[in-house]
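A.B. asks: Shown below is the structure under consideration.
Numbering (the working numbering), first residue to last: 2 to 169.
See the structure below:
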């Protein structure tokens with residue numbers, strides 16, 4: 002009986018040793034996983050801080066840009082519409098908005114820039130066809146013909162500019 006009891010104790014000790022070993026392995030794995038998760042959280046926190054700085058930088062950049070709509074009516078039924086064209090506030094003119102969306106030939110005069118051609122369609126004095134710009138009056142469907150050279154007409158965020166090839 003004592004032999005049996007001794008054998009039972011030996012089994013119990015072996016079982017306890019195996020349990021201790023497995024517990025140590027599990028604890029080590031949990032510790033390592035916890036450290037990995039902590040590092041991930043630190044990394045995400047650093048990335049979040051960097052993104053906050055980037056967003057601030059983008060907001061600062063966007064505050065220096067006007068977004069305007071540019072419509073080009075080629076006079077032959079073709080109309081191209083460009084929505085939210087970015088134009089630097091420091092150069093927010095009808096002319097700059099046009100340069101952002103089309104191939105333009107122009108002539109500089111003392112009174113300002115005269116647009117001679119848009120996307121290969123040139124002014125034609127023989128048929129009295131010219132490029133004229135209009136600016137849409139806010140909150141209406143009305144357009145007002147430009148009264149100054151295109152490079153002198155300032156535009157604001159949200160303006161709509163229409164360039165029309167038409168008889169003048």
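The beta-carbon is built from N, C-alpha and C at its ideal position, and this holds for glycine as well.
What residues are listed by DSSP as bridge partners for residue 67?
C.D. replies: Note: residue 67 sits in a beta bridge opposite 88.
A.B. asks: In the structure shown, what three-state DSSP assignment does residue 125 receive?
C.D. replies: The answer is strand: DSSP assigns residue 125 an E or B state.
A.B. asks: Quick one: Cα of residue 59 to Cα of residue 53, how far?
C.D. replies: Approximately 10 Å, taken between the alpha carbons.
A.B. asks: Using the C-alpha atoms, what's the distance from residue 159 back to residue 76?
C.D. replies: Their backbone Cα atoms lie some 25 Å apart in a straight line.
A.B. asks: On a Cα-Cα basis, can you pick out the residue from 161, 128, 46 that is closest to residue 140?
C.D. replies: The shortest Cα separation from residue 140 among 161, 128, 46 belongs to 161.
A.B. asks: So residue 90 packs on residue 66, CB below 8 Å; how close in whole Å?
C.D. replies: Yes, residue 90 and residue 66 are in contact; Cβ-Cβ is about 6 Å, under 8 Å.
A.B. asks: So residue 164 packs on residue 73, CB below 8 Å; how close in whole Å?
C.D. replies: With 8 Å as the limit, residue 164 and residue 73 qualify as a contact, their Cβ atoms being about 5 Å apart.
A.B. asks: To the nearest angstrom, how far is it from the Cα of residue 152 to the Cα of residue 131?
C.D. replies: When rounded, the distance between both Cα atoms is 17 Å.
A.B. asks: Can you give the beta carbon distance from residue 88 to residue 103, rounded, assuming they're within the 8 Å contact cut?
C.D. replies: With a Cβ gap of about 13 Å, residue 88 and residue 103 do not count as contacting.
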